[in-house]
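Trainee:
Residue numbers (the numbering used here): 1 to 226.
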């Protein structure tokens, strides 16, 4: 698996690069966004580890450009950030980041998340065709979502979470189960990622947001019941 790492802190960059290479991953490291894009035009990576604070191009802007390109719109992106406010994290997720990891972090946590991406990359996604649930229609062919006939843009991870909840309607799904099924984590990791994606999905569902029930202490359930 080819990983592109964009990080301007040399010590962190070298640590991550060394750790990934010892696990057998092919890694290309960049301290500036412009160098990253030059290499991107030569070869597309399987995963991008992207710092938010960079000296030339902001990480969020890089993420926007990746999602706007046809060849990288579905490439896995994990944001690496020292920013801890919910607004900053949600901004990254809303622009299509698949996950985030906050500094300082352990190498083992990073390797576990990268390993999850590798497992997900090899997992065949089952095409369900068209799913219609209470006015929410999702189509796998073009990964589109319409709500009462109005098309709404969802990121890849938002789409996958929504689809999973609909496929398991009226069943309580734990945060850990969503983390395992959608992100591929097989450890008790940071379930905050799940909660933030649910928040973004609810915002986009509008008056259909009530279909996603929070089951206190457990997780979520998609249901028509009030």
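Just so you know, even glycine gets a beta-carbon here, dropped at the ideal spot from N, CA and C.
Using only the alpha-carbon positions, how far apart do residue 45 and residue 175 sit?
Mentor: In a straight line, the C-alpha of residue 45 is about 29 Å away from that of residue 175.
Trainee: Would you report the Cα separation of residue 10 and residue 168, rounded to the nearest angstrom?
Mentor: Going from the Cα of residue 10 to the Cα of residue 168 covers about 45 Å.
Trainee: Answer yes or no: does any C-beta atom of chain B fall closer than 8 Å to that of residue 173?
Mentor: No chain B is present in this structure, which holds just one protein chain.
Trainee: With residue 165 and residue 212 assumed to form a contact (beta carbons below 8 Å), what rounded beta-carbon distance in angstroms separates them?
Mentor: Contact holds; Cβ gap of about 7 Å.
Trainee: Find the nearest neighbour of residue 100 within the set 132, 59, 134 and 73, judged by alpha-carbon distance.
Mentor: Closest by alpha carbon: 59.
Trainee: Does the distance from the C-beta atom of residue 117 to that of residue 19 stay below 8 Å?
Mentor: No, these two residues do not count as a Cβ contact at 8 Å.
Trainee: Between the stretch 189-203 and the stretch 128-138, do three or more beta carbon pairs fall short of 8 Å?
Mentor: They do not touch, by the three-pair rule.
Trainee: Among 216, 224, 56 and 219, whose alpha-carbon lies nearest the alpha-carbon of residue 209?
Mentor: With distances taken between Cα atoms, residue 209 lies closest to 224.
Trainee: If you drop the 5 nearest sequence neighbours on each side, which residues of the same chain put their C-beta closer than 6 Å to that of residue 120?
Mentor: Excluding positions up to five away in sequence, the list reads 184.
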